[in-house]
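In the numbering used here, the protein residues as written are 1348 to 1665.
Yeah, the Cβ is synthetic: ideal placement off N, Cα and C, and Gly gets one too.
On a predicted model such as this, the values are computed, not experimentally measured, just so you know.
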């Protein structure tokens, strides 16, 4: 057992060490495997799901799954959720379970966005889909029984990048709207935020469970359509959230990061940038944890999820 493995909490040491290759057929195969995990999944009886088809910004159609408690009959806060998966993987059963837990425990409506994946459509395609889904929720708030002043964007990993990017783009587009869209909070779970991949954690965690430095670089190359190019990559506006010049005015943030995750330091950098700009930030660093840790049931996860839910409650519902 090496020093890094010893430092990782025991509950996470046996999580798989996933290594990807920059070949689209491999990335698409991984996405199919993740998709297969949800084929026989059925949501709890206490939850009702509704599939919506939303007009995209690129004249495409986006599927959005509405997840809500059956007992919720009145207007409620909403979370527009962007799943993780390196931009190239679809969502799995565990993503749905997390979204259902948020809906039930917070008594909110979750709108789970099936954005186009980077193996099919590079940036800005996935972000355009995320923006269109949020536009649709705001435009149909009354019909959807959503409180428009209490809408948050949320995502894990690559989805955290998309949520942060959406928050930035909405803020900028609001300058030209008669009726601004007010995002109540941006909820970022071990988010990918920096395409440079030059932080200490992004360079040093080369063999961590689930996600490592090499995977991280490939993820950004595919997302930005710059396969084969050396770092740092050219990051268009909104693609890499940490590269924004002015963070003032952005929504309050809850940011959660894991100690042994290549994405750890960029989460801290983003929290610092928001704080300096006067944005309310709650940042939780989960000691001993790795990327995707919250899918492993253990004491660390239970405590972290309780803190996460309390923070979400405070930012979105209170």
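Where does residue 1397 fall in DSSP's three states? Strand, per DSSP.
Buried versus exposed call for residue 1623 [16 or more other C-beta atoms within 10 Å across all chains shown]: So residue 1623 ends up on the exposed side.
Does DSSP put residue 1428 in a helix, in a strand, or in coil? Reduced to three states, the DSSP call for residue 1428 is strand.
Please state whether DSSP places residue 1482 in a helix, a strand or coil. The answer is helix: DSSP assigns residue 1482 an H, G or I state.
Taking 8 angstroms as the CB-CB cut-off, is residue 1665 touching chain B? This model lacks chain B altogether, as it is built from one protein chain only.
How would you call residue 1523, buried or exposed, if buried means at least 16 neighbouring beta carbons within 10 angstroms? Burial call: exposed.
Classify residue 1420 as helix, strand or coil using the three-state DSSP reduction. Looking at residue 1420 - three-state DSSP - the assignment turns out to be coil, as it is neither helix nor strand.
Could you check what DSSP says for residue 1522 in three-state terms: helix, strand or coil? Under the three-state reduction of DSSP, residue 1522 is assigned to coil, being neither helix nor strand.
Chain-order list of residues whose beta-carbon lies under 8 angstroms from that of residue 1466 (same chain, five-residue window excluded): Around residue 1466: 1371, 1374, 1375, 1378, 1435 and 1569.
Are there three or more Cβ pairs, one per stretch, closer than 8 angstroms when the region 1466 to 1481 is compared with the region 1384 to 1396? With contact defined as three or more Cβ pairs closer than 8 angstroms, the region 1466 to 1481 and the region 1384 to 1396 are not in contact.
Counting C-beta neighbours from all protein chains within 10 Å, is the total for residue 1316 16 or more, i.e. buried, or is it exposed? The chain is shown only over 1348 to 1665; residue 1316 falls outside these bounds and no answer can be derived.
Would you kindly work out how many angstroms separate the C-alpha atoms of residue 1491 and residue 1482, rounded to a whole number? In a straight line, the C-alpha of residue 1491 is about 13 angstroms away from that of residue 1482.
Classify residue 1357 as buried or exposed, calling it buried when 16 or more other Cβ atoms lie within 10 Å of its own Cβ. The residue is exposed, with fewer than 16 neighbouring Cβ atoms inside 10 Å.
For residue 1480, which option in 1636, 1541 and 1404 has the closest C-alpha, if you only look at C-alpha atoms? If you compare the alpha carbons of 1636, 1541 and 1404 with that of residue 1480, the shortest gap goes to 1404.
Sequence-distant residues of its chain with Cβ nearer than 7 angstroms to residue 1574 (five each side left out): Result list for residue 1574: 1369 and 1568, in chain order.
Please classify residue 1434: does DSSP put it in a helix, a strand, or coil? When secondary structure is reduced to three states using DSSP, residue 1434 falls in the coil class, being assigned neither helix nor strand.
Can you find the residues in the same chain that come closer than 8 angstroms, C-beta to C-beta, to residue 1384, ignoring five residues on each side of it along the sequence? So the qualifying residues of the chain are 1439, 1440 and 1441.
Excluding the 5 residues preceding and the 5 following residue 1503 in the sequence, name in chain order all residues of the same chain whose CB lies nearer than 6 angstroms to its CB. 1431 and 1536.
Cβ shell of residue 1462 (< 6 angstroms), same chain only, five flanking positions each side left out: Closer than 6 angstroms at Cβ, skipping near neighbours: 1473, 1476 and 1477.
Shortest alpha-carbon distance to residue 1509 belongs to which of 1489, 1446 and 1534? Measuring from the Cα of residue 1509, the nearest candidate turns out to be 1534.
Alpha carbon to alpha carbon, how far is residue 1577 from residue 1498? Going from the Cα of residue 1577 to the Cα of residue 1498 covers about 38 angstroms.
Residue 1581, buried or exposed, once every other Cβ within 10 Å from all chains shown has been counted against 16: The Cβ neighbour count for residue 1581, taken over all protein chains shown within 10 Å, is under 16; the residue is labelled exposed.
Rounding to the nearest angstrom, what Cα-Cα distance links residue 1413 and residue 1495 in this structure? In this structure, the CA atom of residue 1413 is about 16 angstroms from the CA atom of residue 1495.
Distance, residue 1457 Cα to residue 1421 Cα: Going by the C-alpha atoms only, they are around 14 angstroms apart.
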